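Visitor:
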Amino acid sequence: MPTNPSIGWQKLLYAYYNIRTCYDSLNWGVDHLFSTCKVAISSNTTLLALADKLTPNPSVIEVYSISGTKVWSIFHNSAIPIVDFAFHGENLVVVLSNYTFRLYTDFHKTFNQYGFNTDFEPLTNVSESTLDESQNYKLVITNLETNEIEEVVEIVHTYVWGNFLVVRYRNKLTATNLIDFSNYEIPFLGLDPAKIHCISLLTASNHKLECLLSYDSTVYHISLDTQQRTIEFVDKVITVGPFKMMAASPNGSFVALFNAEDSQIFVSNKEFDRELLIYDTLNESSAPYMMEWAGEDAIILSLREEIKLIGPRQSSLSFFYDIVDPQDFDLSWNHNPVENNSKFSIPIIKSEKDGLKIITDNKVEFLARVPQSSIDLLQVGTSHPSSILLDCVDKLQHQSSKADTNITYLKSEGTLQTAISGCLEAVLDEFSPIWQKKILKAVSFGKIYDDNYYNADEYLRTLNTIKVLNQLRAPEIGLFLTYPEVLDAGWPVIIEMLLKRSKHMIAIKVIQLLDLKDAESMVYVDWCCRKIMNEPDMAQLDLFKIILKKLLSAQRHTMGKISKNIIPVADIFQIAHQMGRMDLCQLLVDIEPSAIQRVNLLLEIGQVELALIKCFKSVDSDLCRLLLLHLKNTLSLTRFLEILNQVEKRSTIQIDPSDNSPESEYIQKFLRDELFVSGDIIGNFWENSVAKCNPKLLESYYKYDDNISQVNRLKVKKYTLEIDNGIVADGDFENYYQIERNKLQGLAGADKKLSKLLNLELDLLETKKKLSETYQQSFFQEKSAVAVVEKLIEMKQLKVAADVCRNHKISSEKLWNLVLEKYCRAGEFERLHSFIVKANPKAAKAYKAPISFETIAQTCIFYKGPAQHIDSYIASCIDASASWRAARYLENGSFDNALEEATKADNAGLIQLITDKKAAAR
8 MPTNPSIGWQ
18 KLLYAYYNIR
28 TCYDSLNWGV
38 DHLFSTCKVA
48 ISSNTTLLAL
58 ADKLTPNPSV
68 IEVYSISGTK
78 VWSIFHNSAI
88 PIVDFAFHGE
98 NLVVVLSNYT
108 FRLYTDFHKT
118 FNQYGFNTDF
128 EPLTNVSEST
138 LDESQNYKLV
148 ITNLETNEIE
158 EVVEIVHTYV
168 WGNFLVVRYR
178 NKLTATNLID
188 FSNYEIPFLG
198 LDPAKIHCIS
208 LLTASNHKLE
218 CLLSYDSTVY
228 HISLDTQQRT
238 IEFVDKVITV
248 GPFKMMAASP
258 NGSFVALFNA
268 EDSQIFVSNK
278 EFDRELLIYD
288 TLNESSAPYM
298 MEWAGEDAII
308 LSLREEIKLI
318 GPRQSSLSFF
328 YDIVDPQDFD
338 LSWNHNPVEN
348 NSKFSIPIIK
358 SEKDGLKIIT
368 DNKVEFLARV
378 PQSSIDLLQV
388 GTSHPSSILL
398 DCVDKLQHQS
408 SKADTNITYL
418 KSEGTLQTAI
428 SGCLEAVLDE
438 FSPIWQKKIL
448 KAVSFGKIYD
458 DNYYNADEYL
468 RTLNTIKVLN
478 QLRAPEIGLF
488 LTYPEVLDAG
498 WPVIIEMLLK
508 RSKHMIAIKV
518 IQLLDLKDAE
528 SMVYVDWCCR
538 KIMNEPDMAQ
548 LDLFKIILKK
558 LLSAQRHTMG
568 KISKNIIPVA
578 DIFQIAHQMG
588 RMDLCQLLVD
598 IEPSAIQRVN
608 LLLEIGQVEL
618 ALIKCFKSVD
628 SDLCRLLLLH
638 LKNTLSLTRF
648 LEILNQVEKR
658 STIQIDPSDN
668 SPESEYIQKF
678 LRDELFVSGD
688 IIGNFWENSV
698 AKCNPKLLES
708 YYKYDDNISQ
718 VNRLKVKKYT
728 LEIDNGIVAD
738 GDFENYYQIE
748 RNKLQGLAGA
758 DKKLSKLLNL
768 ELDLLETKKK
778 LSETYQQSFF
788 QEKSAVAVVE
798 KLIEMKQLKV
808 AADVCRNHKI
818 SSEKLWNLVL
828 EKYCRAGEFE
838 RLHSFIVKAN
848 PKAAKAYKAP
858 ISFETIAQTC
868 IFYKGPAQHI
878 DSYIASCIDA
888 SASWRAARYL
898 ENGSFDNALE
908 EATKADNAGL
918 IQLITDKKAA
928 AR
């Protein structure tokens with residue numbers, strides 16, 4: 008039987024603490040880690056970067072997983088030396104002496120380089136400090152070559168806090184946002200650099216950074232707000248310094264400060280107005296090397312061969328490491344530890360959200376407060392329901408009757424589900440696979456007897472989570488994370504960690520086990536990017552087939568039948584472009600699921616013509632219009648007009664006809680000319696959707712296309728649009744006529760086709776003149792013959808309107824539609840009826856007209872015309888069905904006529920409807 012984990016617990020006041028081994032042997036072969044190596048630790052303590060501590064400017068940085076496996080190395084032989092290094096997430100940040108830093112984004116030495124001491128964003132100092140800011144301390148030297156005074160800008164230390172790279176100099180800080188790479192300068196105006204002892208993070212968010220500066224005997228609170236563009240210094244007016252070390256709790260609520268001169272640790276709230284603890288370290292085995300928090304209620308000190316846990320009320324716990332031989336023990340070591348620390352094991356500690364990681368030369372451990380769920384389950388003597396259920400597993404084989412008694416008791420007390428939930432909560436905190444299996448076995452046993460059918464989804468989710476955590480903690484992966492740490496980081500971040508380690512298959516299994524569908528595309532995209540980088544000599548078509556096969560395989564678990572790629576390929580495209588694989592880029596565009604992204608990618612590599620063709624193939628008119636406007640604004644007119652007249656080039660890619668693989672069939676599908684985009688399609692769309700609002704641009708297009716007839720029409724249209732809408736003064740119609748006539752004749756020139764168009768305009772101008780003189784009001788402002796006819800209808804001059812229609816070849820259907828709409832809209836139903844009657848002098852029952860009487864009847868019903876007239880129009884709809892006429896009579900309120908037509912149609916439902924409405928109307 009395995010030993011109960013509670014045996015290793017130690018109690019501190021009201022809480023239990025436990026130190027558990029993560030890895031009990033490390034492969035790096037490093038001795039005296041703290042003494043000999045400069046160490047940078049990544050977020051969640053998944054990576055360590057090591058360099059020689061005795062070398063001021065290291066040339067080699069080695070990155071290890073916390074299981075001791077070397078991940079990658081940097082060999083820096085540049086003339087610009089390395090000053091410092093730190094981690095942003097798992098991305099290594101290397102600071103160089105020329106005030107630039109390299110941000111390594113993977114484990115293959117891919118980096119981008121940025122500056123951090125130039126181009127500072129402006130900040131407003133909102134401090135209420137009484138410091139003399141005019142007193143600006145600077146370290147200067149004389150340049151012997153130029154004999155000029157120069158300031159020495161010395162980098163003291165580098166930190167990565169949240170998304171900020173913070174570089175400390177003697178007389179200032181600089182902060183670089185590692186998301187948008189904007190720089191901010193925080194000068195220590197009025198502060199003597201010699202009195203600055205240390206600096207520590209308080210809290211960091213996306214747009215705000217708060218830190219503490221130990222200065223002389225006090226502490227300054229420094230706040231940088233990048234949204235408000237402000238910086239603030241607040242003196243906390245403390246007199247118990249100076250402080251050699253400071254550490255804030257994970258949520259920034261409490262601060263621990265170590266005064267090395269008095270050997271005391273002070274703990275207060277972040278406002279420094281309430282002192283919570285004073286702890287004397289004078290009698291400890293050494294002065295503290297490191298000080299961190301374990302959760303929110305305990306401070307951890309790294310001492311010589313010891314980890315000291317300090318809690319409320321001066322309470323403490325000690326965890327010891329290598330025991331020192333008596334002959335090596337020297338009390339004077341306590342007073343001067345720096346000179347002798349290479350003789351001893353000094354643990355490196357890193358605070359986490361739920362505890363603390365402890366790293367020594369040969370071991371990694373985790374110290375944390377024992378959660379209540381584990382206490383309820385595992386503490387010796389507990390009577391919690393989860394502990395009773397766990398006891399059933401031990402009794403099941405040899406004392407089954409007692410196991411049955413326990414289950415019966417839990418059911419009778421109604422606590423069986425509480426017991427199951429308690430076990431599931433506690434198992435997530437357990438590291439030992441043996442105890443994990445035992446606890447989960449207890450849950451399985453309890454579920455059998457649950458009459459309320461306990462939800463198995465929670466059990467399955469917990470089981471899968473345990474499987475994933477154990478896989479991540481394997482030494483070959485080296486991601487020893489607790490469940491709260493995983494929740495804090497987020498599963499997508501964990502998937503990214505696996506991808507950086509090239510564990511694509513494990514990442515897919517994690518996604519499937521935990522149903523992380525949103526993270527699936529990330530894995531396939533990363534695999535494809537790696538494939539392109541690792542195969543620089545492979546033929547581009549062969550490489551594309553491999554990538555396509557991998558992307559299509561992503562849907563085999565979800566969609567069954569392969570249809571098309573649904574994974575965005577923008578990141579793959581970028582890598583292909585960087586590697587100079589232009590044919591591959593164009594092939595990748597064809598499988599990008601987003602039409603907008605396809606266009607953007609092609610524009611990014613300067614393939615304007617191809618982008619336009621792909622845009623039109625998407626059959627998205629808004630996208631086509633937007634792209635054409637973009638090209639008009641960014642290209643020269645000649646280049647733009649050239650693109651409008653392009654013809655799609657057929658692909659030169661050839662597929663082996665004997666290749667029947669799904670990938671080849673997929674490629675053939677988009678190479679096939681299902682929609683051939685020609686210059687006519689593009690130009691016509693441009694002409695009718697965008698350019699019609701810009702006559703000048705449209706004329707340039709017609710001229711480039713040598714379309715003289717359209718140029719002529721455009722000239723006439725331009726003249727029409729420029730017709731004066733004003734009233735001709737004092738009836739001077741003849742003078743106005745001559746002016747307009749001269750304009751039209753001046754447009755003609757030697758172009759006969761244009762002259763024909765202009766003659767039509769001259770005829771219309773003549774008509775306008777005669778009508779103006781006849782009715783003594785101007786018709787010149789009307790821009791077309793139809794407009795002239797509309798005005799005559801409004802003037803009740805229908806006969807003259809009909810003559811104008813004949814002279815200018817306007818159809819009688821157009822005239823009738825104009826009369827119908829104008830008179831109905833004006834409520835002139837009697838005039839309309841008179842017009843219809845005059846057109847049918849010999850009509851007996853049914854009228855006739857160039858337009859259908861169905862249209863006349865429905866228009867009059869809509870405008871609420873006289874029922875008697877509408878009935879006669881409905882009766883004239885001899886081509887319509889009886890049911891249709893019945894419905895129109897009903898709309899008009901003519902129930903008897905409607906009933907008669909419905910009877911003819913033998914429509915029982917309509918007859919009943921008419922009868923009911925007739926009865927209701929009485």
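Last residue of the sequence shown: 929 (my numbering), numbering continuous. Every residue, glycine too, gets a C-beta built ideally from N, C-alpha and C. Just so we're clear, the structure is a prediction, and the values are computed from it rather than from any experiment.
1. What would DSSP say about V331, mapped onto helix, strand or coil?
2. Which whole runs of the alpha helix (DSSP H) in the stretch 537-600 are 4 residues long or more, in chain order?
3. Looking at the unbroken beta strand (DSSP E) that takes in E282, where does it start and where does it end?
4. From this set, V262, A449 and F487, which residue's C-alpha is nearest L385's C-alpha?
5. Hey, quick one: how far does the alpha helix (DSSP H) through D187 stretch, first residue to last?
6. Quick check: what's the CA-CA separation for S859 versus L595?
7. Could you pull the start and end residues of the beta strand (DSSP E) that T425 belongs to?
8. State the DSSP-derived secondary structure class of I26, mapped to helix, strand or coil.
9. Using a Cβ-Cβ cutoff of less than 7 Å, which residues in the same chain neighbour I353 once the five nearest sequence positions on both sides are dropped?
10. Among S74, Y24 and E773, which residue has its Cα nearest to the Cα of T366?
11. Inspect the beta-carbon positions of S901 and D878 and report whether they are closer than 8 Å.
12. Give me the DSSP bridge partner(s) of I366.
13. Determine the direct distance from the alpha carbon of E239 to that of E128, and round the result to whole angstroms.
14. In the DSSP assignment, the alpha helix (DSSP H) including R175 goes from what residue to what residue?
15. For S819, which residues in the same chain have their Cβ closer than 6 Å to its Cβ, ignoring the five residues on either side in sequence?
16. Residues in its own chain within less than 8 Å of L558 by CB, not counting five upstream and five downstream?
17. Whole angstroms is fine: what's the gap from I962's alpha carbon to L374's?
18. Suppose only complete runs of 4+ residues qualify. What are the alpha helix (DSSP H) ranges in the stretch 474-511, listed by chain order?
19. Look at L219 and L231 and say whether their C-beta atoms are less than 8 Å apart.
20. Taking the alpha carbon of P319 as the reference point, which residue from L283, L772 and M529 has its own alpha carbon closest?
21. Tell me where the alpha helix (DSSP H) around W300 begins and ends.
22. Using 10 angstroms around the beta-carbon of D31, count the other beta-carbons present and answer buried if the total reaches 16, otherwise exposed.
23. What does DSSP give as the partner residue(s) for A93 in the beta ladder?
24. Counting Cβ pairs, one atom from each stretch, are 3 or more of them under 8 Å apart for the stretch 67-83 and the stretch 394-403?
25. Measuring CA to CA, which of I382, S408, V226 and C622 is closest to N25?
26. When the Cα atoms are used, what is the spatial distance from G122 to A602?
27. Would you kindly work out how many angstroms separate the C-alpha atoms of K243 and P499, rounded to a whole number?
28. Can you pull the DSSP bridge partners for T210?
29. Using the beta-carbon count (16 or more within 10 Å), is F94 buried or exposed?
30. Roughly how many angstroms separate the alpha carbons of H214 and L130, rounded to a whole number?
31. Let me know the secondary structure DSSP gives H637 once reduced to three states.
32. Quick one: grab the DSSP three-state call for H342.
33. Could you check what DSSP says for R838 in three-state terms: helix, strand or coil?
34. What residue from I868, N413, H391 and R588 has the CA that sits closest to T425's CA?
35. Does P249 pass the burial test, meaning 16 or more other C-beta atoms within 10 Å, or should it be called exposed?
36. With respect to the alpha helix (DSSP H) encompassing F869, which residues constitute its N-terminal and C-terminal limits?
Guide: A quick look at the data gives this:
1. Confidence at V331 is low in this model, with a pLDDT of 46, below 50, so its placement is unreliable and no value can be given for it.
2. 547-560, 577-585 and 589-597
3. E282 to D287
4. A449
5. Unbroken run through D187: none, as it is neither H nor E.
6. 56 Å
7. Looking at the DSSP string, T425 is not in any beta strand (DSSP E); the run it does join, the alpha helix (DSSP H), is L423 to V434.
8. strand
9. F41, S42, Y296, S309 and R311
10. Here residue 366 turns out to be Ile, not Thr, going by the sequence shown. The shortest C-alpha separation from I366 is found at S74.
11. yes
12. I355 and V371
13. 15 Å
14. Run containing R175: none in the alpha helix (DSSP H); it sits in the beta strand (DSSP E), F171 to Y176.
15. P857
16. Y531, C535, N572, I574, V576 and I598
17. Given that the chain is displayed from residue 8 to residue 929, the structure contains no residue 962 and the question cannot be resolved.
18. 490-496 and 498-507
19. no
20. L283
21. Here W300 belongs to no alpha helix (DSSP H); instead the beta strand (DSSP E) covers M297 to W300.
22. exposed
23. V100
24. no
25. I382
26. 37 Å
27. 40 Å
28. E217
29. buried
30. 13 Å
31. helix
32. With a pLDDT of 47 at H342, under the threshold of 50, the modelled position of that residue is not reliable, and no figure is offered here.
33. helix
34. H391
35. buried
36. F860 to F869
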